[in-house]
Amino acid sequence: MDAVSDSPRQDPARDASTRVTPMMEQYVEIKAANPDSLLFYRMGDFYELFFQDAEIASRALGIVLTKRGKHLGEDIPMCGVPVERADEYLHRLIALGHRVAVCEQIEDPAEARKRGPKSVVRRDVTRLVTPGTLTEDTLLDARRNNYLAAIARARGSSDDSYAIAWIDISTGEFGVAERDRIGLQAEVARLAPGEIIVSDALYGETDWVPYWREFRHVTPLGRDVFDGATAERRLSDFFHVATTAGFGPMSRPELTAAAACVTYVERTQLGKRLPLSPPSRESAGAVLSIDAATRANLELVVTLSGDRQGSLLATIDRTVTSAGSRLLVQRLSAPLTDVAMIVARHDAVEAFATHRSTRWNLRDTLRGCPDFARSLSRLVVGRGGPRDLAAIRDGLTTASAIGDALGVWPERTAEISAHIEALAAINRDGAAELTRALNDDLPLLKRDGGFIRAAYAAPLDELRALRDESRRVIAQLQAQYAEETGVKALKIRHNNVLGYFVEVTAQHADKLLTAPLNQTFIHRQTLAGQVRFTTTTLGELEAKISTAGDRALAIELELFEELSSRVMLEIDVIKAAAQALAALDVASALAELSVEQRYVRPTISDDLSFAIAGGRHPVVEQALLKDSGPFVANDCDLSPPRDKGPGRIWLLTGPNMAGKSTFLRQNALIAVLAQMGSFVPATSATIGVIDRLFSRVGAADDLARGRSTFMVEMVETAAILNQATERSLVILDEIGRGTATFDGLSIAWAAIEHLHEVNRSRALFATHYHELTALAARLSRLHNATVRVKEWQGDVVFLHEVVAGAADRSYGIQVAKLAGLPMPVIEKAKVVLAQLEAEDRMSPARRLIDDLPLFAAVKPTEKTASADPAAAEIAAALATINPDDLSPREALEALYQLKAKAAKN
Ligand SMILES: Nc1ncnc2c1ncn2[C@@H]1O[C@H](COP(=O)(O)OP(=O)(O)OP(=O)(O)O)[C@@H](O)[C@H]1O
């Protein structure tokens, strides 16, 4: 967006000969200080936009573009939005990628008038609105965190390292982590920030430009924000601490990213100190790493088309509060890897699952609990209203009630007890004070008044009585005037221009305009049908009413500040209580889900087991329930054979539409659910903790980055083969499908061997290349599985049962028939297929599978390794390699060396 001052016609300072109105002078000065934001300039009940801002906003918002006077001889384009609807317009502008500077009147217009008739009301920008720094409920999704993320880089001699810091200013959450480039991108995918800030330098780097393009809101910022040298000081200043050491050790890029976040937040909130928690450092490996492609493919929190509906999240979300819903998203996005922590979460879910009445009571109580963490943040930045205080009151009351109820629950687990402790720390007097102070029905804005309960503050009661009394007197006065004038229809009315006035219809006006009544009634205004008057008594009454009203409001506003500052004193306790309630909501919601959907508690272990009995796909199962029928449960066992060595790979073949992709995904989803602390859709599940989850399922062109479908597929496959470890779970669906048959087959073949021999991950591999099933004879941990179908009168019937063995054919033509391809096409296809199958018996691919020695170029299987000296040498070399310590380049180098060794022998 161009700055207004960039345009010569908009900068009056450049033409000293031209006189500029004082208001325009003020506008231009403020706009010049905020060149990259649209300026909402407050004028009475409107925010006005001028010049280029007006043109942009009128187009974006579909509002009328008008003119207001002249500037340097040209019309000034202008458009405006009413103050009470500003949030709605802000939302739309932010969503379109604009930033908005909100400029308020910071003094009473009466003060300005005192300085002279031509003085302009003082104005200043009170807030910069950007996508990552929103606090208003109307601008936020209640069920998702809205993160601002800062990315900082530290140049290394071999590899650069990166840090990401993230803040949700509406809840105060603050996290930081250091990662390599791939890990960083995985974190960004997990957090899905509303806005990313980066240094100008990193933003402009050719290598990074395509990545930034994937996001709607990336804000490049100057060196001062990303300066590593001042980072520690800026961070400790923000938290008013002498040093950041108390936050735990942080690397230089982490400090830089964290400091960039707080500096940006301070800038956009113009110095207001938000109630941020100190940065909590997330070490690599603490959570299950899921790269962006896998996250998208598995549709964890949104579907591939970006909707919540249809995602795993939507399927499992039974939370009853917004804060609970947000925590569920966080947990689903970052499953744990620590066995004890996962087990503690399962304990809590089990306790609530087995005790129905406790669960139901808890959920009932939580249902009425407002989103008080967000109210707290609004109060701190001075954007809170009476309803936010009420939310704190109700939140604290709920928290105390739940703390009391669960505090005496004999079945509470260690994790539940920790939450109860947080609830017990609440100062109950605070909630009681708010209850005494606040009315039941509250206005949205504090300036509307009327939110303090009667009998809470004596001076307020007196003023209100005076105001109300005067109103009664007005009603009496109206009756008295009607009597005196004989005009029954005489009314006393009020508007903002005249204040209180006497109104009669035109036909009675003469009476009041002539003696003797004109002694009392002073003419003010004549309209088409009515004539308006005032009287001395009415004027006096009006003054009384308005001063009483103003003074009452002033007292209410004072009390509001007093109550808010009392709340601020307890900020940490209130935040901890909100978090505890969210965690209890999640645990009881997952319990509700497990009972409702027959999920079971998984066994989590430290080994490499992965044994699912009767597993179901959570999303497909619920979708099928609604329309077609029951979901067929299937087993999956990738545990190491005889419980030794690495896990297995299942090679899944089967006709189209049989359910291969569903099976692959369901096992990945079961792992995610288990490690996030949920029960799982199965009859039993044992899972050795997975460090990284990879999936390559389906792909679309990535035209934005100039990649074809096949290229995307290969990039994702390369990432898996370069990074997966023995602890990883890999899901590969139809590798090689996007290219010519032989190329595809060869790539799929080599990928399976690599997975088996080098990555040694637990893996599921679905393919249409039935030739690959022959590999099971040579790869000891490769297991063939297929999805059963029945042929019935020339048609195919899908049984969706996964059994040991290999599929013999694809039934593609039968599926095509089901899809409604015209009969002549089907018949012709059958003829072509018969011909091809006859030739295929002689095909080079067949011969290759039969002839090619599978392990000519790779390490032999572990079974024979010890007997063969060459194999032993390679095994010894391999033993010195720790894949986790290798960069992709080093891994490739190591692989070349191993191949060279194998070739030499
Ligand atoms: N276990 C199951 N029980 C019941 N229905 C299932 C099951 N698995 C899959 N289905 C149904 O079959 C449909 C096809 O499944 P899926 O897409 O997994 O097949 P596929 O074998 O991967 O097909 P293709 O090879 O054509 O990609 C699903 O949309 C679902 O409705």
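According to my numbering, the residues represented by the sequence shown are 6 to 910, in order. Every residue gets a Cβ at the ideal spot worked out from N, C-alpha and C, and that includes glycine.
The three-state secondary structure of Met255, taken from DSSP, is coil.
With distances taken between CA atoms, Arg452 lies nearest to Leu564 out of Ile752, Leu564, Lys906, Gln481. In the structure shown, Phe56 falls within a helical segment according to DSSP collapsed to helix, strand and coil. Those residues that have a beta carbon less than 5 Å away from any non-hydrogen atom of ligand 1 are, in order along the chain, Phe636, Val637, Asn661, Met662, Ala663, Gly664, Lys665, Ser666, Thr667, His805.
The Cβ neighbour count for Glu776, taken over all protein chains shown within 10 Å, is at least 16; the residue is labelled buried.
Under the DSSP assignment, Leu543 falls in the alpha helix (DSSP H) whose first and last residues are 541–574. Close CB contacts of Gly227 within its chain, under the 7 Å cut and outside five residues either way in sequence, are with Asp205 (chain order). Between Tyr774 and Ala753, the gap from beta carbon to beta carbon is short of 8 Å. Between the alpha carbons of Gln798 and Gly315 lies a distance of about 35 Å. Scanning its chain for C-beta atoms nearer than 7 Å, with the 5 sequence neighbours on each side dropped, one finds around Leu439 the residues Leu394, Ile397, Arg398, Leu568, in chain order. In the displayed model, His245 falls within coil according to three-state DSSP, outside both helix and strand.
Between the C-alpha atoms of Gln728 and Asp632 there is a straight-line separation of about 40 Å.
Tyr901 sits exposed, since fewer than 16 C-beta atoms from the chains shown fall within 10 Å of its C-beta. Collapsing the DSSP output to three states places Cys84 in a strand. Beta-bridge partners of Arg286 (DSSP): Val181. Boundaries of the beta strand (DSSP E) harbouring Gly620: 615–620, taken from the DSSP string. Distance between Leu332 and Val600, taken at the CA atoms: about 21 Å. When the alpha-carbon of Val413 is set against those of Leu401, Thr403, Glu426, the nearest one is in Glu426.
For Gln728, there is no enclosing beta strand (DSSP E); the residue is part of the alpha helix (DSSP H) that begins and ends at 714–728.
Burial is judged here by how many other beta carbons sit within 10 angstroms of a residue's own beta carbon; Pro375 has at least 16 and is buried. By the 16-neighbour rule on beta-carbons within 10 angstroms, Ala638 is buried. Look at Leu784 here: in three-state DSSP terms it is coil, with no helix or strand label. By the neighbour-count definition (other C-beta atoms within 10 Å, threshold 16), Ile111 is an exposed residue. Excluding residues up to 5 positions away in sequence, Asn366 lie with their Cβ nearer than 7 Å to the Cβ of Ala410 in the same chain. Here His499 is exposed: its Cβ has fewer than 16 other Cβ atoms, across all protein chains shown, within 10 Å. The three-state secondary structure of Cys266, taken from DSSP, is helix. Less than 8 Å divides the Cβ of Ala596 from the Cβ of Arg364. Secondary structure note for Arg350: its alpha helix (DSSP H) is the uninterrupted segment 344–359. Between the beta-carbon of Val270 and that of Leu260 there is about 16 Å, and that puts the pair past the 8 Å contact cut. Met48 has Phe51 as its beta-bridge partners, per DSSP. The alpha-carbon separation between Glu116 and Lys123 amounts to approximately 12 Å. Closest option to Ala436, judged by alpha-carbon separation, among Ala406, Val836, Leu240: Ala406. When DSSP reads this structure, Ala206 sits in no beta bridge, so it has no partner. Counting only runs that start and end inside the segment 96–167, the beta strand (DSSP E) elements of at least 3 residues fall at 105–110, 128–134, 153–159. Ranked by Cα distance from Thr26, the first of Ala37, Leu66, His76 is His76. DSSP places Gln530 inside the beta strand (DSSP E), whose first and last residues are 527–531.
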